[in-house]
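The structure under discussion appears below in the form of structure tokens.
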Amino acid sequence: AGSSAVNGPRIDTRTLNPGDPLPINKFNGYFIQVYQELPIFNFNQGDISLYRATLRQLKSQVVAQENIIQQEVSSSYQKVLAARQKILTYQEKLLNDSNEVARLSRRSYEVGQSDITSTLLTQQANIQIRNQYLDAVNTYQQTFTDLEQSIGTTLQ
Numbered sequence: 001a002g003s004s005a006v007n008g009p010r011i012d013t014r015t016l017n018p019g020d021p022l023p024i025n026k027f028n029g030y031f032i033q034v035y036q037e038l039p040i041f042n043f044n045q046g047d048i049s050l051y052r053a054t055l056r057q058l059k060s061q062v063v064a065q066e067n068i069i070q071q072e073v074s075s076s077y078q079k080v081l082a083a084r085q086k087i088l089t090y091q092e093k094l095l096n097d098s099n100e101v102a103r104l105s106r107r108s109y110e111v112g113q114s115d116i117t118s119t120l121l122t123q124q125a126n127i128q129i130r131n132q133y134l135d136a137v138n139t140y141q142q143t144f145t146d147l148e149q150s151i152g153t154t155l156q
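Each residue of the sequence shown is one higher than the one before, counting from 1 in the working numbering.
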């Protein structure tokens with residue numbers, strides 16, 4: 001009729017069992033049963049393994065964060081160097097050359113060797129180069145700020 005899938009005695013896992021006496025008991029009255037686990041054979045090996053695995057995971061996360069920081073600092077430093085080199089190129093060569101070409105173009109117009117259109121185009125190109133120089137300075141400042149943020153301190 002009502003066969004159980006598990007053979008053997010049924011173990012009650014409740015921790016507190018108030019109620020009527022079982023039919024095999026010969027006394028009349030009520031009883032309380034308390035279940036207490038005794039860690040005789042439990043040496044917390046599962047917990048120790050869990051803590052060791054957690055420790056390994058945390059150590060690998062620390063290494064990963066160190067690698068990320070190192071990559072960010074290296075990348076920021078390379079960007080600062082590139083921006084600084086671009087500024088130096090403008091300062092040492094492009095700005096002076098552009099000013100000289102604009103001056104010669106204006107002088108050429110003054111003596112009548114060129115028309116106003118070419119002189120204005122030359123002046124416009126000179127202004128564009130100056131604007132590009134200002135953009136390079138702005139980029140340098142931004143990359144320098146990024147480097148300071150990745151390092152975590154201000155640089156001078």
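Just so you know, even glycine gets a beta-carbon here, dropped at the ideal spot from N, CA and C.
Anticipated Cβ contact below 8 Å, residue i with residue j, distance rounded
{"i": "T143", "j": "A53", "result": "Wrong, their Cβ atoms sit about 41 Å apart, outside the cutoff."}
{"i": "S105", "j": "S118", "result": "7 Å"}
Own chain, CB closer than 8 Å to residue i, minus 5 neighbours either side, in chain order
{"i": "K86", "result": "A136, T139, Y140"}
{"i": "I116", "result": "Y109"}
{"i": "A64", "result": "none"}
{"i": "E37", "result": "none"}
Cutoff 7 Å; reference residue i; Cβ partners in own chain excluding five residues on either side
{"i": "N96", "result": "none"}
{"i": "E148", "result": "T154, L155"}
{"i": "S90", "result": "Here the sequence assigns Tyr to residue 90, which means Ser is not the residue at that position. Answer for Y90: Y133, A136, listed in chain order."}
Given residue i as reference, the closest of the options once Cα atoms are compared
{"i": "L88", "options": "L134, N44, Q36, D146", "result": "L134"}
{"i": "T145", "options": "E72, Q33, I68", "result": "E72"}
{"i": "N131", "options": "A64, V34, R107, L94", "result": "L94"}
Beta carbon of residue i nearer than 7 Å to that of residue j
{"i": "Q128", "j": "A102", "result": "no"}
{"i": "S150", "j": "S49", "result": "no"}
Close beta carbons around residue i, own chain, < 6 Å, minus the five adjacent residues each side
{"i": "V80", "result": "T143, F144, L147"}
{"i": "D12", "result": "For D12, the predicted model reports a pLDDT of 48, less than 50, meaning its position is unreliable; a value from the coordinates is still stated below. Nothing meets the Cβ criterion."}
{"i": "S114", "result": "S108"}
Distance cut-off 6 Å: residue i Cβ against heavy atoms of the ligand ATP
{"i": "L104", "result": "With respect to the ligand ATP, the structure shown offers nothing to examine, as it has no ligands at all."}
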